[in-house]
Structures are given as C-alpha cells and as structure tokens.
Amino acid sequence: MGDCISIILGVISVILAVYSIWLACRYNKLGQKLEDDKKMIIQSIQDNMVYTTVLIRDINEKMSHQPNKIRLHKDELRIWRNSKYNPCKASSVIDKLNKELPSILKPTYIDRVIGNLNLIDDSTTQIAVVTLRHQYNINDINRVKALNTIFEEDGIAFDILIS
Numbered sequence: 004m005g006d007c008i009s010i011i012l013g014v015i016s017v018i019l020a021v022y023s024i025w026l027a028c029r030y031n032k033l034g035q036k037l038e039d040d041k042k043m044i045i046q047s048i049q050d051n052m053v054y055t056t057v058l059i060r061d062i063n064e065k066m067s068h069q070p071n072k073i074r075l076h077k078d079e080l081r082i083w084r085n086s087k088y089n090p091c092k093a094s095s096v097i098d099k100l101n102k103e104l105p106s107i108l109k110p111t112y113i114d115r116v117i118g119n120l121n122l123i124d125d126s127t128t129q130i131a132v133v134t135l136r137h138q139y140n141i142n143d144i145n146r147v148k149a150l151n152t153i154f155e156e157d158g159i160a161f162d163i164l165i166s
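Structure (structure tokens):
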C-alpha cells in the first residue's frame with residue numbers, strides 16, 4: 004500500500020512538473036509578445052518625435068526667413084455660390100471677376116473660374132478650386148476677404164484652404 008501511494012504521488016508530481024513547465028512557456032510567450040509590442044510602440048513614438056521635430060524646424064525656418072509673408076505653395080482658393088446667386092446676372096459677375104481676380108490669380112485660373120461659372124447647375128455650390136502657386140503677402144489674404152464683401156450681393160464667396 005505504501006508503494007502505491009508513492010507511485011501515485013510520483014505521478015502527481017510529474018504531472019505538476021509538466022503543467023508548471025507548460026505554464027512557464029506560455030507566460031514566456033506572452034511576456035515576449037508584450038515586450039515586442041512595447042518596443043514597437045516606443046519606436047513609433049520616436050519616429051513621430053523625429054517627424055514632429057523636423058516639421059517644427061521647417062516651419063520655423065519658413066517663418067524666420069520672411070516674417071511678413073505667408074507661404075501658400077499648395078493652398079487652394081475655393082469659390083462658392085450661395086442662394087443669392089442669380090444665373091441671369093452671370094455676365095456682370097464675370098465682368099467683376101475679370102476686374103477683381105487679376106490681383107491674386109493668374110489669368111489661366113481666372114479663365115477656369117469663369118468657365119466653371121458658366122457650367123454650374125442648381126445642385127452644385129462649389130464653382131471652382133484653384134491652387135495658389137505664388138508666395139503671397141498677408142495683404143493678399145486681406146484682398147480675398149475684400150472679394151467676399153464685393154461679391155456678397157452677387158452670391159459668390161471665396162475661401163482660402165490653407166493646408
């Protein structure tokens with residue numbers, strides 16, 4: 004009887020040893036996965052910090068070279084129509100556009116705006132989106148604001164989207 008108890012206790016201790024080895028391997032895999040995730044998160048944070056640092060340095064350089072200028076290299080001038088717009092008065096609006104827009108846009112962009120104005124239907128509110136390719140003074144942004152007041156009665160609005 005003592006030998007049976009010894010054998011049973013030996014088998015139980017072997018089973019417990021195998022179970023503890025299995026648990027240790029499982030926890031080791033989980034620990035390794037957590038370690039890999041932690042390394043990936045730290046690397047991502049470091050990459051974002053480097054990107055942000057470079058971006059801030061670039062912005063500071065652009066601002067320090069010409070403090071009275073705003074760089075609108077890839078920015079857009081969006082032109083909208085609202086409910087006040089009357090297609091019957093399109094010729095007077097086109098004359099106003101030809102008179103006012105040369106101060107801020109190239110003639111080719113003005114032609115595109117006028118062409119789109121002639122093609123719009125009742126469901127569209129956006130007339131045109133024009134990419135600004137020059138470096139403009141702050142006064143040019145004020146000119147865009149002035150355009151909004153000039154064309155307000157005609158139902159045309161201008162908006163600069165700075166990206």
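Note that my numbering has the sequence shown beginning at 4, numbered continuously upward.
From the three backbone atoms N, C-alpha and C, an ideal C-beta is built for every residue, glycine too.
Under the three-state DSSP convention, the category residue i falls into
| i | result |
| --- | --- |
| Ile123 | coil |
| Ile24 | helix |
| Ile82 | strand |
| Leu75 | Because the pLDDT of Leu75 is 48, which lies under 50, any placement of that residue in the model is unreliable, and the number read from its coordinates should be weighed accordingly. It is coil, neither helix nor strand. |
| Ile117 | helix |
| Ile153 | helix |
| Ile107 | coil |
Separation of residue j from residue i, as counted between CA atoms
| i | j | result |
| --- | --- | --- |
| Ile48 | Cys28 | 30 Å |
| Asp39 | Leu33 | 10 Å |
| Thr127 | Ala149 | 24 Å |
| Tyr22 | Cys7 | 22 Å |
| Leu26 | Thr55 | 43 Å |
| Phe161 | Pro110 | 17 Å |
| Asp98 | Asn151 | 16 Å |
| Ile24 | Ile59 | 52 Å |
Rounded distance between the beta-carbons of residue j and residue i, thought under 8 Å
| i | j | result |
| --- | --- | --- |
| Ile62 | Ile159 | Wrong, their Cβ atoms sit about 33 Å apart, outside the cutoff. |
| Ile130 | Asn119 | 5 Å |
| Leu100 | Ile113 | 7 Å |
| Val133 | Val147 | Their Cβ separation, rounded to whole angstroms, is 11 Å, which puts Val133 and Val147 out of contact at 8 Å. |
| Lys102 | Glu156 | Contact doesn't hold; Cβ gap of about 15 Å is too wide. |
Buried/exposed call for residue i, threshold 16 Cβ in 10 Å
| i | result |
| --- | --- |
| Arg84 | buried |
| Leu108 | buried |
| Val96 | buried |
| Leu104 | buried |
| Leu75 | Residue placement at Leu75 is flagged as unreliable, the pLDDT there being 48, under the threshold of 50; a coordinate-derived value is accordingly withheld. |
| Leu12 | exposed |
Beta-carbon gap between residue i and residue j smaller than 8 Å
| i | j | result |
| --- | --- | --- |
| Leu80 | Ile163 | yes |
Closer than 7 Å: residue i CB and nearest the ligand FAD heavy atom
| i | result |
| --- | --- |
| Glu156 | As far as ligands go, the structure on display features none, and thus does not contain the ligand FAD. |
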